[in-house]
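Okay, so here's the structure we're looking at.
4 protein chains.
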Amino acid sequence: MEPFMKEKIMKHSITLFESKGFSEASIRDIVNTLGVTKGTFYYYFSSKEELLTQIQLQYIDYMLEEQQRIIEQPDRTWKEKLSGIILMTIQAIEGRGSSARIFFRELLHISGDSLAAIKQKRDRFRLNVQSVIEQGIESGEFRDDLPPEMVAFSVLGACNWCYTWFKKGGSLSDTEVAAVYTEMFLNGINTIGNKC
Amino acid sequence: MEPFMKEKIMKHSITLFESKGFSEASIRDIVNTLGVTKGTFYYYFSSKEELLTQIQLQYIDYMLEEQQRIIEQPDRTWKEKLSGIILMTIQAIEGRGSSARIFFRELLHISGDSLAAIKQKRDRFRLNVQSVIEQGIESGEFRDDLPPEMVAFSVLGACNWCYTWFKKGGSLSDTEVAAVYTEMFLNGINTIGNKC
Amino acid sequence: MEPFMKEKIMKHSITLFESKGFSEASIRDIVNTLGVTKGTFYYYFSSKEELLTQIQLQYIDYMLEEQQRIIEQPDRTWKEKLSGIILMTIQAIEGRGSSARIFFRELLHISGDSLAAIKQKRDRFRLNVQSVIEQGIESGEFRDDLPPEMVAFSVLGACNWCYTWFKKGGSLSDTEVAAVYTEMFLNGINTIGNKC
Amino acid sequence: MEPFMKEKIMKHSITLFESKGFSEASIRDIVNTLGVTKGTFYYYFSSKEELLTQIQLQYIDYMLEEQQRIIEQPDRTWKEKLSGIILMTIQAIEGRGSSARIFFRELLHISGDSLAAIKQKRDRFRLNVQSVIEQGIESGEFRDDLPPEMVAFSVLGACNWCYTWFKKGGSLSDTEVAAVYTEMFLNGINTIGNKC
DNA sequence: GATGAATGAGACTTCATTCAT
DNA sequence: TATGAATGAAGTCTCATTCAT
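Chains as they are written, first to last, in the UniProt record's numbering: chain A, 1 to 196; chain B, 1 to 196; chain C, 1 to 196; chain D, 1 to 196.
Below is the structure:
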């Protein structure tokens, strides 16, 4: 009957999981919101965990795709690519905040093969950043005295942390935040005189 | 008979909440581990939420105290104070990792006045960092073209994020990570030539 | 499978609530008797209080219907109508004793809107009696020197009190009790000589 | 320390049992109100049921004493004695309403010998009324065509029922209510013309 | 595609009570 | 006299899930 029931369920679940948390949001909550019955839910998803898995996969797959697009851009410096990833990450938090929050918070409730798959993709996203750093070092754009792994962790940490405070429609736009973050990571907060 | 039953309950709960998550760890889990009964639990805590509240308060109160100690140190530059806070934050994740993880993950399960109180303390911690940045700018140690609020968010984000990956006894010590993070935030990852 | 599960639950609950009291009868007691699970109970009733509410509503609705039927009878004197209500009340205690006892004893455990609704119906039942008295006074059948409100309370009190002692199958039938009560209320217990 | 602790516990329990019901009022409620601990409670009462028993005994013993005083009055007609008992019953509901309500509502929670003892006293109170009726019949004051048992039940029913609606400080005083009830039971509600 | 009825395990919590001190 | 710590049973209720239709 409803052609996009599955999408509707996912969409409403994302809202619910964000506001109440995965464990506290019940299947009943989900289906009540939609005016359908639990049977309908189980027609589309084999379990609550599977729903969460799909939400997480949808998010990380999107992130990986966007990241790939940026990295593959020809004629861009590594600096520009890093900057592009920072912007994209914060834009995702602005545009898909609910999914992002679920992604960062609710990994604990996934188990087995799904967990392994998601962890692998998360790692891939991070290692891609690390790879950009490494290639930037090789090309001479970035300092070679900072461990790339650490740099990647710190850049991603700062960006991802935005999910805890960034509010769409607040006083700062995603672009502005990304610009400040990029400048800070590239040149530091020291006054110029202090550096050379 | 047992003089420190309350402390024992808190300690074991922290372990359990970290590994299973707050919602999935049951009162039964907690008391079984300790060999006492549920009644004992409710003698010391009026609810599961209250236990979580106390865990969070214990953590943030510790963090605020440590932070205060650092900020109040005389004869230190703002740079040193910022660096001290970065180190302290990562050390807390190393030494009190379970509490830290609960602190960052399980805010959603606290409500009402407790929530307000904890949020206020979280904010205070962040605003203290921001204040260090601002005073460093005034003293000329830090650049004045980056918004202090943003800098504080980004530094704290990077440090806090360590809770997701930092493993005690891993290949990197807390001191090493803190040193790299500090260097990166102060001077950026650009090669020197790019800056001057 | 079972087509009348809800009715079965209500029926057995009435028996249990009567014998053990509402608070002492547990959901477990109810479902064990029926050989179903607690889940089944909560599929039909959202709470124990709601079950009690429905039991009370079923009783008072029945009473109001019967009362209405009596009051609406044409060609009956007010005396006959009052007598009819007395008989009906005692018959209800004989025929639906368990419900009646629950109705009189367990109002305390209902709250909120349900309580208001039930109280309103209880009042309506009493005010209907009062109205019969008032109309009997106007028609000259009843004395006009006794406050109708008080008469209604006293008649209903005497009848309702039967729930504390009347036993079906005892030495006195409901009809006999009703006849005595009616005679007493109409003519008093004074010897005739005393009156005129 | 506190010389009248036991009395204080009883007094507060009566208030609590009236408003929340016996089952719903917990020992904790009782001792919290008084600022003492559960241990104190169990120093004075061996169980919650024993407390209820004592409350009920206190009430029925008082009622029996008052009744005895009335019955033993010399130079009074049976009519006057019946009228005295009616007044006394309603006065007890006015002056000791909480105890009365507990007395009528919470018999179910007493068991064993205490239950037997209380039931016997309740019966004695009723049989004393019945005896007044019987002696009034013998003396020619009351009609001999109404079964005394039934008359006693009905008079007591009407009076006791006042516990469900009589409010101290309402529009009617206990004396007024008693006067109306007495008149009604003695002479009925029929108009005079209807009787002779 | 979707429903309604039922399950059964387990959740948090409260309670009357005990007992050493 | 009174307390504080602990018990253990039981309470109400929610939940993810199943399955015949």
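We put the beta carbon where it would ideally sit given N, CA and C, even for glycine.
Given the structure is predicted, the values throughout are model-derived calculations rather than measurements.
Taking just the CA atoms, how far does residue j sit from residue i?
i	j	result
residue 88 (chain D)	residue 67 (chain D)	8 Å
residue 107 (chain B)	residue 18 (chain B)	13 Å
residue 119 (chain A)	residue 132 (chain A)	20 Å
residue 97 (chain B)	residue 33 (chain D)	43 Å
residue 146 (chain C)	residue 182 (chain D)	11 Å
residue 22 (chain D)	residue 16 (chain D)	8 Å
residue 185 (chain D)	residue 31 (chain D)	45 Å
residue 73 (chain A)	residue 7 (chain A)	32 Å
residue 93 (chain B)	residue 176 (chain B)	14 Å
residue 142 (chain D)	residue 136 (chain D)	5 Å
residue 41 (chain D)	residue 13 (chain D)	11 Å
residue 196 (chain A)	residue 81 (chain A)	Only weak support exists for where residue 196 (chain A) lies, its pLDDT of 49 falling under 50; the coordinates are left without a value.
residue 79 (chain A)	residue 190 (chain B)	9 Å
residue 29 (chain C)	residue 28 (chain B)	24 Å
residue 35 (chain C)	residue 53 (chain C)	23 Å
residue 20 (chain C)	residue 26 (chain C)	9 Å
residue 148 (chain D)	residue 162 (chain C)	15 Å
residue 122 (chain D)	residue 172 (chain C)	21 Å
Determine, for residue i, whether the minimum Cβ-Cβ distance to residues of chain B falls below 7 Å.
i	result
residue 128 (chain A)	no
residue 70 (chain A)	no
residue 157 (chain A)	yes
residue 154 (chain A)	yes
residue 26 (chain A)	no
residue 173 (chain A)	no
Give the C-beta separation of residue i and residue j to the nearest angstrom, bearing in mind that I take them to be a contact with Cβ-Cβ under 8 Å.
i	j	result
residue 117 (chain D)	residue 59 (chain D)	13 Å between Cβ atoms; not a contact.
residue 10 (chain B)	residue 55 (chain B)	6 Å
residue 187 (chain A)	residue 188 (chain B)	4 Å
residue 110 (chain A)	residue 49 (chain A)	6 Å
residue 124 (chain C)	residue 156 (chain C)	With a Cβ gap of about 12 Å, residue 124 (chain C) and residue 156 (chain C) do not count as contacting.
residue 129 (chain D)	residue 70 (chain D)	That belief does not hold up - the Cβ atoms of residue 129 (chain D) and residue 70 (chain D) are roughly 10 Å apart, past 8 Å.
residue 174 (chain A)	residue 90 (chain A)	5 Å
residue 158 (chain B)	residue 154 (chain A)	4 Å
residue 180 (chain A)	residue 150 (chain B)	5 Å
Using beta carbons (cut-off 7 Å, strictly below), is residue i in contact with chain C?
i	result
residue 88 (chain D)	no
residue 97 (chain D)	no
residue 191 (chain D)	yes
Can you pull the chain A residues whose beta carbon is under 7 Å from the beta carbon of residue i, in chain order?
i	result
residue 150 (chain B)	177, 180
Quick one: give me the first and last residue of the alpha helix (DSSP H) that residue i is part of.
i	result
residue 40 (chain A)	38-44
residue 275 (chain C)	With chain C represented from 1 up to 196, any question about residue 275 (chain C) goes unanswered, as that position is not in the structure.
residue 186 (chain A)	174-187
residue 159 (chain A)	148-161
residue 7 (chain B)	5-20
residue 97 (chain B)	97-105
residue 48 (chain A)	48-72
residue 108 (chain D)	Note, residue 108 (chain D): premise wrong, no alpha helix (DSSP H); not H, not E.
residue 29 (chain B)	27-34
Looking at the C-beta of residue i, does it have a partner C-beta in chain D at a distance below 7 Å?
i	result
residue 142 (chain C)	yes
residue 188 (chain C)	yes
residue 78 (chain C)	no
residue 84 (chain C)	no
residue 114 (chain C)	no
residue 6 (chain C)	no
Please list, in chain order, the chain C residues whose beta carbon lies closer than 7 Å to that of residue i.
i	result
residue 147 (chain D)	180
residue 94 (chain D)	Those do not exist, as residue 94 (chain D) stays about 15 Å from chain C at its closest Cβ, beyond 7 Å.
Name, please, each residue of chain D whose Cβ falls closer than 9 Å to the Cβ of residue i.
i	result
residue 63 (chain C)	Result: empty, since nearest Cβ-Cβ is about 16 Å, beyond 9 Å.
residue 170 (chain C)	By Cβ distance, chain D contributes nothing, its closest Cβ being about 11 Å from residue 170 (chain C), past 9 Å.
residue 160 (chain C)	157, 161, 164
Using 7 Å as the limit for Cβ to Cβ distance, is residue i near chain A?
i	result
residue 108 (chain B)	yes
residue 15 (chain B)	no
residue 21 (chain B)	yes
For a contact meaning CB atoms closer than 8 Å, what does residue i contact in chain B?
i	result
residue 183 (chain A)	146
residue 124 (chain A)	By Cβ distance, chain B contributes nothing, its closest Cβ being about 15 Å from residue 124 (chain A), past 8 Å.
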